[in-house]
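For reference, the structure is listed below as structure tokens.
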Amino acid sequence: MDMFRIGEPVADTKAPDGPIETRWERRRFEAKLVNPANRRKLTVLVVGTGLAGGSAAATLAELGYRVKSYCYQDSPRRAHSIAAQGGINAAKNYRNDGDSVHRLFYDTVKGGDFRARESNVHRLAEVSVNIIDQAVAQGVPFAREYGGLLDTRSFGGAQVQRTFYARGQTGQQLLLGAYQALERQIALGRVEMHTRHEMLELIVVDDRARGIVVRDMVTGEITTEYADAVVLASGGYGNVFYLSTNAKGCNVTATWRAHRKGAYFANPCYTQIHPTCIPVSGDHQSKLTLMSESLRNDGRVWVPKQARDDRNPADIPESERDYFLERMYPAFGNLVPRDIASRAAKNVCDSGHGVGPTGLGVYLDFADAINRLGRHTVQERYGNLFEMYERITGEDPYQVPMRIYPAVHYTMGGLWVDYDLQATIPGLFVIGEANFSDHGANRLGASALMQGLADGYFVLPNTIANYLSAGPFEAIDDNHPEVVAARADVEDRLARLLAVNGDRTVDSFHRELGQIMWEHCGMERTDAGLRKAIEQIRALREQYWRRVKVTGDADGINQSLEKAGRVADFFELAELMCVDALHRTESCGGHFRAESQTPEGEAQRDDEHFSYVAAWEFTGADQPPVLHKEDLNFEYVHPSQRSYK
Numbered sequence: 002m003d004m005f006r007i008g009e010p011v012a013d014t015k016a017p018d019g020p021i022e023t024r025w026e027r028r029r030f031e032a033k034l035v036n037p038a039n040r041r042k043l044t045v046l047v048v049g050t051g052l053a054g055g056s057a058a059a060t061l062a063e064l065g066y067r068v069k070s071y072c073y074q075d076s077p078r079r080a081h082s083i084a085a086q087g088g089i090n091a092a093k094n095y096r097n098d099g100d101s102v103h104r105l106f107y108d109t110v111k112g113g114d115f116r117a118r119e120s121n122v123h124r125l126a127e128v129s130v131n132i133i134d135q136a137v138a139q140g141v142p143f144a145r146e147y148g149g150l151l152d153t154r155s156f157g158g159a160q161v162q163r164t165f166y167a168r169g170q171t172g173q174q175l176l177l178g179a180y181q182a183l184e185r186q187i188a189l190g191r192v193e194m195h196t197r198h199e200m201l202e203l204i205v206v207d208d209r210a211r212g213i214v215v216r217d218m219v220t221g222e223i224t225t226e227y228a229d230a231v232v233l234a235s236g237g238y239g240n241v242f243y244l245s246t247n248a249k250g251c252n253v254t255a256t257w258r259a260h261r262k263g264a265y266f267a268n269p270c271y272t273q274i275h276p277t278c279i280p281v282s283g284d285h286q287s288k289l290t291l292m293s294e295s296l297r298n299d300g301r302v303w304v305p306k307q308a309r310d311d312r313n314p315a316d317i318p319e320s321e322r323d324y325f326l327e328r329m330y331p332a333f334g335n336l337v338p339r340d341i342a343s344r345a346a347k348n349v350c351d352s353g354h355g356v357g358p359t360g361l362g363v364y365l366d367f368a369d370a371i372n373r374l375g376r377h378t379v380q381e382r383y384g385n386l387f388e389m390y391e392r393i394t395g396e397d398p399y400q401v402p403m404r405i406y407p408a409v410h411y412t413m414g415g416l417w418v419d420y421d422l423q424a425t426i427p428g429l430f431v432i433g434e435a436n437f438s439d440h441g442a443n444r445l446g447a448s449a450l451m452q453g454l455a456d457g458y459f460v461l462p463n464t465i466a467n468y469l470s471a472g473p474f475e476a477i478d479d480n481h482p483e484v485v486a487a488r489a490d491v492e493d494r495l496a497r498l499l500a501v502n503g504d505r506t507v508d509s510f511h512r513e514l515g516q517i518m519w520e521h522c523g524m525e526r527t528d529a530g531l532r533k534a535i536e537q538i539r540a541l542r543e544q545y546w547r548r549v550k551v552t553g554d555a556d557g558i559n560q561s562l563e564k565a566g567r568v569a570d571f572f573e574l575a576e577l578m579c580v581d582a583l584h585r586t587e588s589c590g591g592h593f594r595a596e597s598q599t600p601e602g603e604a605q606r607d608d609e610h611f612s613y614v615a616a617w618e619f620t621g622a623d624q625p626p627v628l629h630k631e632d633l634n635f636e637y638v639h640p641s642q643r644s645y646k
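According to my numbering, the stretch in the sequence shown is residues 2 to 646, in order.
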């Protein structure tokens, strides 16, 4: 069948025009409000309790709305945001080194290879300064300088130090701040918390998102929950590759169910490969471990100049080392953006200069930093990261260089939303990594925490009111035809998975799917490879529904059943990712088509034909998706060939 069809363009009608510096302020003023008494009559469902979902639920409840919060973990604070390490960006300019809201805006648009909306990115830069104040007020223990002021450090894609941090556990500390705010609202009875519940379907009534179908992961009970609006804060879809830095539970099901109900999925091929991860050590692995980008502040990346040089790194003299990032990108050195650092590492390994047992690794060396700063200072900055590396590898990075290699980390694609963070289904709002809105084709380091908290604390609480001002909406119950149909779909899907009773485990299928995706839709994509991947995915999916073995039943705890449903959705997503990558014959950011590169091997954009957001519409399991294009217009940061030299 045809890969896809072209549909009508899609436009963001909520973003104001005029001076970019006043757009967010004007949108907030022009949006309708809900008075405090009426907020108590309105219910909002929030799916996910990470930085975006936790901060949104807490803030909406503080405003007076009735909030119901759902997560599949046993506690809201186990959300994957807790794994973020290096820091959070904000344009505070505490270093007096030339930073500003405009510079953060510029760096983010450029870092995303000119594939993000200017209005959204400028709003993110504006709000960033408020996030730090909010977090400090909550008691988040950011690192401080000798004089007591908040400390900052550098991150990739910037020449200023704007990244605030709490050693190597910034995500954990920020999430605990949001968690305590959420728990306060739970204690006050304003948030109804449902842990160990997984969303398996979106309920759409009269073209509005009105609820969700969830499964109690302890009892197996299927229930339907209703509200005036639904907020998805369910994270990204990097686990489609099987091996990634994401927690094993991270999945696409919540957003994919919404996509099948009419929410457009934007830019699914934009996945980020993080350059500093512990290399794969064998087929036994079920996930990969991130080493924070903050390590590139003081660690120097190098490989032996001589190919296939297997000497101990201590025996390789300086003259025989290639500090390739410093050589290739002298202006930014080891702090080039993630997509550029990842491709450079891959290229030196492909040319035979990689290190370690597999040859798929480069050194991240702290010897110079330890000599310059002393072991104590390095330990203060990165101690928990060094300890984690030693526990996993058995090697002491104070004594020998770390070995790192790129791995799947973050997804810039997600459900399409307008400036108000509303999807193409009215009443469905999508925040954090679950939407596509702010990063373009590559996310700068330390911007994920920034976006999650910006959306949850400051953006959504303002924009959702414009929609809820028309509520409360007509009450619905379990007997409504759309509710009955949504619940039946969930029950039928679970029963179908259990009925296959095949001879292959869910994990074996997931691993094979991940290998296809990494090989053909990973760091480098080609026309032939993507077409091959689509054929292989379709064949493997057909086999999945004939041969998958799901043990147990639907009553009670059944992790095999949970994984089976998530992998089924990954199969459909994987095909759309490859179709999106196939249609975009340019290279940009994390999407690198081998056919579209400069003579120096850098990504070669095609602004004339691809300066748009690709928003995909689901039209049926056996029908090609429909591509809707949202044109990107640049008034303040004009697209140019990215250079970090």
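Each residue gets a CB set at the ideal place from its N, CA and C atoms; glycine is no exception. These numbers come from a predicted model, not from an experiment.
When the Cα of residue i is compared with those of the options, which residue comes out closest?
i	options	result
ALA345	ASP18, ALA62, ALA604 and THR23	ALA604
VAL141	VAL484, PRO314, TYR383 and LEU177	LEU177
VAL484	GLY453, ALA565, ILE223 and MET329	ILE223
ALA210	LEU469, GLU146, VAL580 and ALA489	LEU469
GLY169	GLN162, SER295 and LEU150	SER295
VAL253	LEU416, ARG191 and HIS103	LEU416
LEU150	ASP134, PRO17, ALA234 and ARG585	ASP134
SER235	GLN560, ILE432 and TYR637	ILE432
TYR637	ALA555, HIS198, PHE106 and TYR364	PHE106
TYR95	GLN162, GLY250 and ILE558	GLN162
HIS103	HIS123, LEU183 and ASP351	HIS123
THR50	THR44, SER70, THR60 and THR620	SER70
ASP323	THR246, ASP284, TRP519 and LEU365	LEU365
ALA38	GLY375, GLU601 and ARG67	ARG67
ARG547	LEU361, GLY591, GLY590 and LEU499	LEU499
ILE21	GLU618, PRO10 and ALA126	ALA126
SER589	MET329, VAL232 and ASN443	Reading off the sequence shown, one finds Cys at residue 589, where the question assumed Ser. Here the closest residue by C-alpha is ASN443.
Could you pull out every residue in the same chain whose Cβ sits closer than 6 Å to the Cβ of residue i, ignoring the five residues on either side in sequence?
i	result
SER644	none
ASN121	SER438 and ASP439
HIS195	TYR71
LEU495	ALA555
LYS630	PRO10 and TYR613
Looking at the ligand NAD, does it come within less than 7 Å of residue i, judged from the CB to the closest heavy atom?
i	result
TYR243	As presented, the structure is devoid of all ligands, the ligand NAD included, so that no description of it is given.
Can you tell me the Cα-Cα spacing of residue i and residue j, whole angstroms?
i	j	result
TYR420	LEU34	17 Å
ASN36	PHE30	14 Å
ASN467	ARG28	10 Å
PRO402	ALA408	19 Å
THR464	ALA32	7 Å
THR256	GLU319	50 Å
PRO626	GLN307	48 Å
PRO338	GLY112	7 Å
TYR383	ALA91	21 Å
GLY360	ASP75	40 Å
VAL110	GLN423	22 Å
LYS262	ASN480	19 Å
ARG191	THR44	10 Å
ARG297	ALA59	35 Å
Between residue i and the rest of its own chain, which residues show a CB-CB distance below 8 Å, the 5 nearest in sequence each way excluded?
i	result
PRO427	ASP208, ARG209, ALA210 and TYR468
GLY172	LEU52, SER82, ILE83, ALA84, ALA85, GLN86 and LEU450
ILE317	PRO305 and ASP310
PRO331	LYS646
Counting only the same chain and skipping the five closest in sequence on each side, list residues whose C-beta sits under 7 Å from that of residue i.
i	result
LYS42	PRO473
PHE1	The structure shown does not extend to residue 1, since the chain is modelled only from 2 to 646, so the question has no answer here.
VAL568	VAL507, PHE510 and HIS511
ASP108	GLY158, ALA159 and LEU445
SER561	VAL507, VAL551, THR552 and GLY553
PHE635	PHE115 and GLU119
ALA575	VAL241, LEU514, MET518 and ILE538
Answer with yes or no whether the minimum CB distance from residue i to chain D is below 8 Å.
i	result
VAL205	Absent from the structure: chain D. Only one protein chain is present.
- Are the segment 265–281 and the segment 204–219 touching, with three or more C-beta to C-beta distances below 8 Å? no
- Item | Complete runs of the beta strand (DSSP E) confined to the segment 41–123 [at least 3 residues] | 44–48 and 67–71
- Three or more C-beta pairs below 8 Å linking the segment 478–494 and the segment 535–544: no
- Item | Unbroken stretches of the alpha helix (DSSP H), 4 residues or longer, contained in the segment 318–375 | 325–329, 339–349 and 368–374
- Taking only runs of the alpha helix (DSSP H) that begin and end inside the segment 128–214, which ones reach a length of at least 4 residues, in chain order? 171–188
- Counting pairs of Cβ atoms below 8 Å between the segment 181–190 and the segment 53–63, do you hit three or more? yes
- Item | Length at least 3, wholly inside the segment 283–321: the beta strand (DSSP E) runs in chain order | 301–305
- Kindly provide the ranges of any alpha helix (DSSP H) runs that are 4 or more residues long and lie completely inside the segment 596–640, ordered along the chain. At a cut-off of 4 residues, the continuous stretches assigned as alpha helix (DSSP H) that sit fully inside the segment 596–640 are 608–611.
- Message: Taking 8 Å as the cut-off, does the segment 366–375 touch the segment 345–354 (at least 3 CB pairs, one atom from each stretch)?
- Response: no
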